[in-house]
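Numbering (my numbering), first residue to last: 891 to 1261.
Glycine included, each C-beta is placed from N, C-alpha and C at the ideal position.
Step one of this worksheet: look at the structure below.
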Amino acid sequence: MSINANQIKIKVIGLGIEAKNIINLLHFQNQNIEIFEAQSDIKNFSNNEKFNQILFEYNHNLLGLDSIEQDSQQNQNNITKINNVINDADFIVLIAGANGQIDNKFIPQIAQCAKKINIPTLAIVSMPCEDIYGKIERQKALIALQNIKSAVNSYMVIDYNDLSESLDLPMTSLIELPGIIANNSLNTLFDLFYENMQTNIDFLSIKNMFMYGGQILISSGWANQQDIITNALADEEQRAKFIAKSNNFSKMILHIKSISITGKQLLSIRKNIIQRYNLNEDVLDFKTAFQSGNNIKHNSINISYILSENNLNLEQNNQINSQINHLNSKNQISTNSENNFDITSEILLNNDDVIEEDKEEKNTPQIPIFY
């Protein structure tokens, strides 16, 4: 069942103080995209008129005798607020810095509420720089990031460590970079949501991709005049440099806007992206969306793409492992029995969807060029 692009509702929620620096740099043309700023202290709001406000209740003093009862009531009140915001959404973006209390507490809570009504969540998380915030805060943020990753459907990480080690910029400019990166990525994604493409790719197919997306990378590049393919690929590569990369990308949607691109050029673009991210073509779920029209300039091209992991198999693996642990706990077989058997092997041999565990993710810090 398809959905009219004009009916797609997107909620972008910035949580905590760190998120203010990001959402203040977001600019969207579509009126169906709402931006919310969530804080647990009314003094922390940016008072930007284009944002809707969510004031979460949060017990900052945990020493009171009534704190447990108070926390329970606050939790219920916050869930009500969350449901009121997301109940008519088709897609939710959560933006935060991983080193804040409100981010760590409420991103999993929002994600849980969204999962109950089958709405995918994409978290865009900026990580603190160790040289600025210190090792302790960095370690706290890494732990918080793991909690966020396990709660949401998809996530994208922008790392301040990478930014600060790679750029000799004033701090004011450095602080703005995650917002610029997030704005580029989200506008690329939302263009795919709302554009009419000459293929069978629509919002629902992209939504399903994000339901089990895991780590995400979204980028785009544009060029005109001479060497448009080479220049557009160079442009989008620069924009993607500070987004954390995965070794396990297995899905790709490639979106081309052009009135003159050839099949040979399209193949060249595809091969470039596959080689750059070392994608396995034997298992790659690949789709191409093509768009042409009067609003596209002659001899110009816009290249954009989404890469994602496929966490559906990983989730099935987790369920299998849970079954294994349950069965093994109920079948404590003596080690000296001749009839011993390996329950793990028996279950795994009967499941075709088992995959290796994800390898450790790696970041690739380099210098971006934004136009």
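Nearest-angstrom Cβ-Cβ length linking residue i and residue j, presumed shorter than 8 Å
i	j	result
Glu908	Ser1016	6 Å
Tyr1023	Ser1109	So it is not a contact: roughly 27 Å between Cβ atoms.
Ile1012	Ile1000	The sequence given here has Leu at residue 1012, not Ile. The pair is not a contact, with the Cβ atoms about 12 Å apart (cut-off 8 Å).
Asn977	Gln964	That belief does not hold up - the Cβ atoms of Asn977 and Gln964 are roughly 20 Å apart, past 8 Å.
Phe981	Ile900	5 Å
Gly906	Ala986	6 Å
Phe918	Ile944	Contact flag wrong, Cβ pair sits at about 18 Å.
Pro1010	Met1101	5 Å
Ile1048	Pro1068	4 Å
Ile898	Phe1083	6 Å
Leu915	Ile1143	Their Cβ separation, rounded to whole angstroms, is 25 Å, which puts Leu915 and Ile1143 out of contact at 8 Å.
Ser1190	Ile1119	With a Cβ gap of about 11 Å, Ser1190 and Ile1119 do not count as contacting.
Ile1133	Asn911	Wrong, their Cβ atoms sit about 17 Å apart, outside the cutoff.
Asn1200	Ser1140	5 Å
Where residue i falls, given that 16 or more other Cβ within 10 Å makes a residue buried
i	result
Leu1094	exposed
Lys933	exposed
Met1061	exposed
Asn989	buried
Gln1181	buried
Ile903	buried
His1188	exposed
Ser930	buried
Ala1124	exposed
Ile1026	exposed
Lys1147	buried
Gly1153	exposed
Leu1053	buried
Gln1105	buried
Arg1160	buried
Val975	buried
Leu1197	buried
Leu1076	buried
Thr970	exposed
Lys940	exposed
Glu852	The requested residue 852 does not occur in the structure, where the chain is confined to residues 891 to 1261.
Ile923	buried
Arg1028	buried
Span of the alpha helix (DSSP H) around residue i
i	result
Lys1147	Not the alpha helix (DSSP H): Lys1147 falls in the beta strand (DSSP E), residues Lys1141 to Lys1147.
Ser1158	Gly1153 to Arg1166
Asn1073	Met1061 to Tyr1084
Continuous beta strand (DSSP E) stretch holding residue i: start and end
i	result
Gly987	Phe981 to Gly987
Tyr1195	Ser1190 to Ser1198
Gln929	Ile923 to Gln929
Ala1350	Residue 1350 lies beyond the stretch modelled for the chain, which goes from 891 to 1261, so this question has no answer here.
Lys1187	Looking at the DSSP string, Lys1187 is not in any beta strand (DSSP E), and its letter there is neither H nor E.
Simplified DSSP assignment, three categories, for residue i
i	result
Glu1127	helix
Asp1052	helix
Val975	helix
Ala1041	helix
Lys910	helix
Phe1100	helix
Asn938	coil
Ile1026	helix
Ser1110	strand
Asp1117	coil
Leu1057	coil
Gln897	helix
Ala1179	strand
Ile1000	helix
Ile1007	coil
Ile903	strand
Ile1033	helix
Leu945	strand
Ile1091	coil
Gln963	helix
Ile1237	Note that Ile1237 scores a pLDDT of 32, beneath 50, so its modelled location is shaky and nothing firm can be said.
Leu916	coil
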